[in-house]
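Chains as they are written, first to last, in this note's numbering: chain A, 231 to 579; chain B, 231 to 579; chain C, 231 to 579; chain D, 231 to 579.
Note that CB positions come from ideal geometry on N, CA and C, so glycine has one too.
The block underneath contains the structure these notes are about, expressed in structure tokens.
There are 4 protein chains.
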Amino acid sequence: MFFASDNASPVPQQVLDAVAKVNEGYAASYGTDVEMDEVRRLIREIFEAPEGEVYLVATGTSANVLSLATLVQPWQAICCHRNAHIAEDECGSPEFYTGGSKLNLIDGDHGKITPAALEAAIKVQVQGFVHSVQRGALSLTNATESGTVYSHDALKALCDVAKRYDMPVHLDGARFANSVVSTGATPAEMSWKAGVDVLSFGGTKNGLMGVEAVILFDPKLAWEFELRRKRGGHLFSKHRYLSAQMLAYLTDGLWLDLAGKANAAAKKLSNGILSLEGATLVHPTDANAVFASWNRASHRRAMEAGAKYYFWGSEGNLDGPDDGLESARLVCSWCTADAEIEQFLALIG
Amino acid sequence: MFFASDNASPVPQQVLDAVAKVNEGYAASYGTDVEMDEVRRLIREIFEAPEGEVYLVATGTSANVLSLATLVQPWQAICCHRNAHIAEDECGSPEFYTGGSKLNLIDGDHGKITPAALEAAIKVQVQGFVHSVQRGALSLTNATESGTVYSHDALKALCDVAKRYDMPVHLDGARFANSVVSTGATPAEMSWKAGVDVLSFGGTKNGLMGVEAVILFDPKLAWEFELRRKRGGHLFSKHRYLSAQMLAYLTDGLWLDLAGKANAAAKKLSNGILSLEGATLVHPTDANAVFASWNRASHRRAMEAGAKYYFWGSEGNLDGPDDGLESARLVCSWCTADAEIEQFLALIG
Amino acid sequence: MFFASDNASPVPQQVLDAVAKVNEGYAASYGTDVEMDEVRRLIREIFEAPEGEVYLVATGTSANVLSLATLVQPWQAICCHRNAHIAEDECGSPEFYTGGSKLNLIDGDHGKITPAALEAAIKVQVQGFVHSVQRGALSLTNATESGTVYSHDALKALCDVAKRYDMPVHLDGARFANSVVSTGATPAEMSWKAGVDVLSFGGTKNGLMGVEAVILFDPKLAWEFELRRKRGGHLFSKHRYLSAQMLAYLTDGLWLDLAGKANAAAKKLSNGILSLEGATLVHPTDANAVFASWNRASHRRAMEAGAKYYFWGSEGNLDGPDDGLESARLVCSWCTADAEIEQFLALIG
Amino acid sequence: MFFASDNASPVPQQVLDAVAKVNEGYAASYGTDVEMDEVRRLIREIFEAPEGEVYLVATGTSANVLSLATLVQPWQAICCHRNAHIAEDECGSPEFYTGGSKLNLIDGDHGKITPAALEAAIKVQVQGFVHSVQRGALSLTNATESGTVYSHDALKALCDVAKRYDMPVHLDGARFANSVVSTGATPAEMSWKAGVDVLSFGGTKNGLMGVEAVILFDPKLAWEFELRRKRGGHLFSKHRYLSAQMLAYLTDGLWLDLAGKANAAAKKLSNGILSLEGATLVHPTDANAVFASWNRASHRRAMEAGAKYYFWGSEGNLDGPDDGLESARLVCSWCTADAEIEQFLALIG
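Below, the structure written as structure tokens:
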């Protein structure tokens, strides 16, 4: 009964096999390995983006911040949701990599920004007025930190606002696969066709040991990105081991299968929780995370039985009457077992 | 016949096995995995440093620059050899991570700094004079970029100079194992007993997929290092896969065995080359790299047969008389086969 | 009828005289001039701070950001009011100088932060959690950007909260003199006795050509501040011309006289506006700026007659019915003439 | 007998008068004052650069580093003489402002770089190789730190090399006036006609209280420069006081008169020293600084009589035989009096 994070899961056998397979003889280093050529080819195909440039890094934070640093100047602001990973969970890494860009935090229900809220936030930056930080980029997250998913249309509406103000768009796709599975839209529709310029295409939370692809749909940015990656210490000498993982991920739709399993597990969990008396969802369960609220007595039983998940409401404080409600986040992954969910639901039911 | 770099080698089976073994169930993330506890314990034991703090990152550049950023202020200089990796091969990553520290480049034969040259360089920084960059840290490399090795005494003499000026010492140990094998000194003697405060303890060039340990012999720096690692995007969520590799590396002296093989291969290659008429060593072969000079006709034969290595002298230009001399760098690794060496020597002989 | 900014005023004759007086022969440079010794002595006396270190710079932004950079680490946050000068009017200069610290923006009426709001904001930074930006410093502004003034007690209540979380306090005192005059408290009470560690003691908005003192009540920070000032390009070679201005400012209470005139002018203006039918104050007039709201017809008459001031409400749009209300900011300075105010009030009345 | 620095001199009466004259009523702030319009017009005229953009700052360091930051990316190197002010005397300010660019230090006699040495240095940066810092800009200094002057042709030869490698050129003209007077060339010939893209046009060392103009001959860089100036804290609110000084400086050739006096004084001093038995010039006296070597006994007499100047050779150590030679730097300024020089020469003679 482990629902603490999708970061805690192992990797599927295909990934280990791919790593073992590539472990033969000498290989060209620093991203010039032949496996990377294949990764590039596959990603261009999957994303219908023949001109796109593709780079691999090993952490989601580095994918995000290298992308943002390539898109904005130090005196420009990055619009993002108040609870975005770049705002809350990266210890100021965007500010470090961009040389001090400001995050322009936007409130919004269920981890989502609305076009109106975005436009209002953009206008806080007084363009052309030297005392004000200038307009930079928009950074979206899909699936969001609240487990919700923007549709293609919703993404496009936001990107359209950004474009109207000449702002490029970055998408933090640590859980991009989950958003594709959730919407049924194509990878292209969920990225460049909606207006995304740079995508952090996540692998780690969805079954890799530590690989993320950065896709620059505008190849003009490629050389700067390469220099920033090197300078950030994120260029791997034995790059084949990253390529191999990504290759396995892209082959035969493994990345979508894994996300499909995680999303389905979350849906099952969500439905089960909702059947509890008084239980409610804090956010819709669009992807692989459940944000729900239910009674304290059940929480206590689950924890005493060893279930792992985050309290979102009262920060873990379970004192108080049994029927008081407490919010929690439960994250499923590709390897969440039906049995885990059933055991959990039985406990809290 | 591949001698281009030790970065191009595969990893030994033990490393793959360790990764497979750790791929079971859920694991605590971000460095709190149980394997990391064991890594920490082993490194403290091997280095006789019970108080030392240990962190894993995935690239040598990140190990170096996170260490340096923790040791110096932006207005301080880092003394290093003119050909240090941090000076020539990291695209300004130290300047990025430190917020603009200056590298104070020191000349020296065979990739080494002398205490006298170090002291002269330190004095360039006028301490207490606000117009001058101030004294920061000393960064040494062992084995050096020229394939030579500082002895414990040589290291200590340099560290003693640094300490006299209140400068902490970083050691870029991308090839630390090779230096230990080469000297027969203990890991402690080659690091903190000589005066090293922070060690980049390399794994990648010596058989891992991409893991380096940073050892802070002074634990006071630990929390700052952790924040810098996170902020640099170098904290791995699925950290167990780094830990597992390092664990295999440290177990039963694998790290020393691998370096021993690489050093022995280089020695064999070096001796073979020296037996050529007119051949000379550009630098002594102390570790796993051979820097030698021999006639052009032999170089041509080797290259036409597909041997891979770097020219160091005329930048790959092989025109000119057959008996002209050309310098080259040949790097051996744990997996350099005797047959490769023999084939190569036969070709050039 | 000029109420656009206190930055547009000339300087009093005493300041010019002091500059002329110091323009004799050779003088020690870079802050070692004898006039600076006298500045230091006077500030220590005025602030009852015999240990305080004093430095001069030429702009308010540099005073603020050098102070903040000395107080916080790049991975720490600076709590400040959402409308603080450092947040809105310095084009990201704090982020540049600190190496990417985050501003933690706090809402609050009339430009002021409450202790409760401060405490809530501090808790957003999860101390000891490596994914979160850590606690840094509190930056207050007095007089505030809304023309209001914190009392000694109000300042102390905020500093007490900061100290409880081990956060040092910076005070942006671009209009410090106005706050002292407004409250009748001593300079010490309005700074270190309330808990302020570093004060940007403004001169420019209050009658100097371009001089601000930074007062470090904790002298331990002095050398780092000096290095940051130099590195920022803010150390003046012909420093005597800064010292001379500050000396004139401090002599015979000129600084308080100038602020007293500005505050009195604002009060007179404020009272006059309030006597208009329907007029209201947007913020109390505690210092030298009036934030008020009155009918459009009056605004139009004032503007057509050439009065200069900022609209705060509808951004200068004066269309609409004559009796609609519009907000504006009017700033007085030491040289605002009674006649200007009377002419203005006659126009709008 | 003060020859320590041109930074220690007072300002001519015209400058004080101009400041007093501009001290009338309200003025537009932040560089929009009418005096700045006139400064811009005059500089464009003097430099025959109708498209050039002009900005004022108050320190030479800020003029240099804001210029450089506008010209280079953080991963690029700035070629400059090993003894350039940006390398030795700005406490790493270029590294801070550029976000960590590397200074590529070039040796050269008499403070000058040769085209061959420049080209060799440029080639150290392996363009297009991600591990190497990339080519950035060339920064020259004229008059140099050694009191010598590049001719138009010499400047052009260096700029031509830079242009061949697509590198823009910055000129640190803290003593630009001295170089113009020394060569008799036009300001345009000493800047853009030779290939200079951005000029730090010094005023402070040549008679102003603290004003430097940055001239961007390529106006495309203007807006970025403005943002960097603001962000650096170098945009003055009461800008008219900078404009007024620069206006006086440019009017009726005052700037050239002042430099002419300083150069003539240095020449007189240099000639006098050379007439001493055994005295030699360390560097030619092209501008306003004398670098010479003469016997210890004379140095002692001068110092005991209170003469102020820098020892360059033995760092102030005057022990040893009377006829031993010691090097020194003596700087003249616009206000160096003939009497001072004569008194000094009499002493040492």
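Kindly list the residues whose CB is nearer than 7 angstroms to the CB of Arg-312 (chain C), restricted to its own chain and excluding five residues on each side of it in sequence; keep chain order. Leu-335, Ile-336, Asp-337
Segment limits, beta strand (DSSP E) that includes Asn-313 (chain B): Per DSSP, Asn-313 (chain B) belongs to no beta strand (DSSP E) and is neither H nor E.
Coil, strand or helix - Trp-524 (chain B) by DSSP: strand
Within the region 414-470 of chain C, note down every full alpha helix (DSSP H) run reaching 4 residues or more, in order along the chain. 452-461
If you compare alpha carbons, which of C:Val-391, C:Pro-398, C:Ala-576 is closest to Thr-344 (chain C)? C:Val-391
Below-8 angstroms beta-carbon distance, Ala-424 (chain C) vs any chain D residue: no
Can you tell me whether DSSP reads Lys-491 (chain D) as helix, strand or coil? helix
Opening and closing residue of the beta strand (DSSP E) in which Ala-558 (chain D) lies: 555-561
Rounded straight-line distance, which links the Cα of Ala-257 (chain B) to that of Asp-236 (chain A): 10 angstroms
By the 9 angstroms beta-carbon criterion, what residues does the region 440-474 of chain D contribute toward chain A? Trp-453, Glu-454, Glu-456, Leu-457, Arg-458, Arg-459, Lys-460, Arg-461, Leu-465
Cβ of Leu-401 (chain B) within 8 angstroms of any chain A Cβ: no
Which residues does DSSP list as the beta-bridge partners of Gln-306 (chain A)? A:Gln-364
One question on the structure: do Gly-377 (chain B) and Asp-516 (chain B) come within less than 8 angstroms of each other, judged by their Cβ atoms? yes
Distance between Leu-511 (chain D) and Val-354 (chain B) (C-alpha atoms, nearest Å): 24 angstroms
With a threshold of 8 angstroms, are at least 3 pairs of Cβ atoms found where one atom belongs to the region 264-271 of chain C and the other to the region 291-301 of chain C? no
Select from the region 367-401 of chain A all residues with a C-beta closer than 7 angstroms to any C-beta belonging to chain C, and list them in chain order. none
Reduced DSSP category for Thr-328 (chain B) - H, G, I as helix; E, B as strand; rest coil: helix
Quick one: is Ser-473 (chain D) buried, meaning 16 or more other Cβ sit within 10 Å of its Cβ, or exposed? buried
Does Cys-309 (chain A) get closer than 8 angstroms to chain C when you measure Cβ to Cβ? no
Between A:Ser-409, A:Val-241, A:Arg-526, A:Val-249, which lies nearest to Pro-551 (chain A) when the distance is taken from Cα to Cα? A:Arg-526
Give me, in chain order, the residues of the same chain whose beta-carbon lies closer than 6 angstroms to that of Ser-563 (chain A); leave out the 5 immediate sequence neighbours on both sides. Asp-236, Ser-239, Ala-492
Is the distance from the Cβ of Cys-332 (chain B) to the Cβ of Gly-329 (chain D) below 8 angstroms? Per the sequence shown, the amino acid found at residue 332 (chain B) is Lys instead of Cys. No, the Cβ-Cβ distance between Lys-332 (chain B) and Gly-329 (chain D) is not below 8 angstroms.
Assuming Gly-432 (chain C) contacts Phe-406 (chain C) (C-beta within less than 8 angstroms), just tell me the rounded distance between them. 6 angstroms
Pair within 8 angstroms by beta-carbon distance, Leu-286 (chain B) and Met-420 (chain B): no
Residues of the region 288-304 of chain B with a CB closer than 8 angstroms to any CB of chain D: list them in chain order, please. Pro-304
Please identify, using Cβ separations under 9 angstroms, the residues of the region 534-564 of chain C that lie next to chain A, in order along the chain. none
Starting from the Cα of Val-249 (chain A), find the closest Cα among A:Arg-394, A:Leu-575, A:Asp-319, A:Tyr-479 and give me that residue. A:Tyr-479
Nearest to Ala-373 (chain C) by alpha carbon, out of C:Gly-366, C:His-382, C:Arg-365, C:Ala-367? C:His-382
In terms of alpha-carbon separation, which member of B:Val-399, B:Leu-499, B:Thr-262 lies closest to Asp-448 (chain B)? B:Val-399
Opposite Asn-585 (chain C) in the DSSP bridges: which residues? Only positions 231 to 579 of chain C appear in this structure, which leaves residue 585 (chain C) out of reach.
If you measure beta-carbon to beta-carbon, which residues of the region 312-330 of chain A are closer than 9 angstroms to chain D? Gly-329, Gly-330
Taking the alpha-carbon positions, what's the Asp-396 (chain C) to Ala-519 (chain D) distance? 52 angstroms
Between the beta-carbon of Leu-429 (chain A) and the beta-carbon of Ile-445 (chain A), is there less than 8 angstroms? yes
Could you round the C-beta distance between Leu-451 (chain A) and Leu-388 (chain A) to whole angstroms and report it? I think they count as a contact, below 8 angstroms. With 8 angstroms as the limit, Leu-451 (chain A) and Leu-388 (chain A) do not qualify as a contact, their Cβ atoms being about 21 angstroms apart.
Through-space distance from Val-561 (chain C) to Tyr-539 (chain C), alpha-carbon basis: 8 angstroms
I'd like to confirm the pairing. Which residues does DSSP put opposite Ala-519 (chain B) in its beta bridges? B:Val-561
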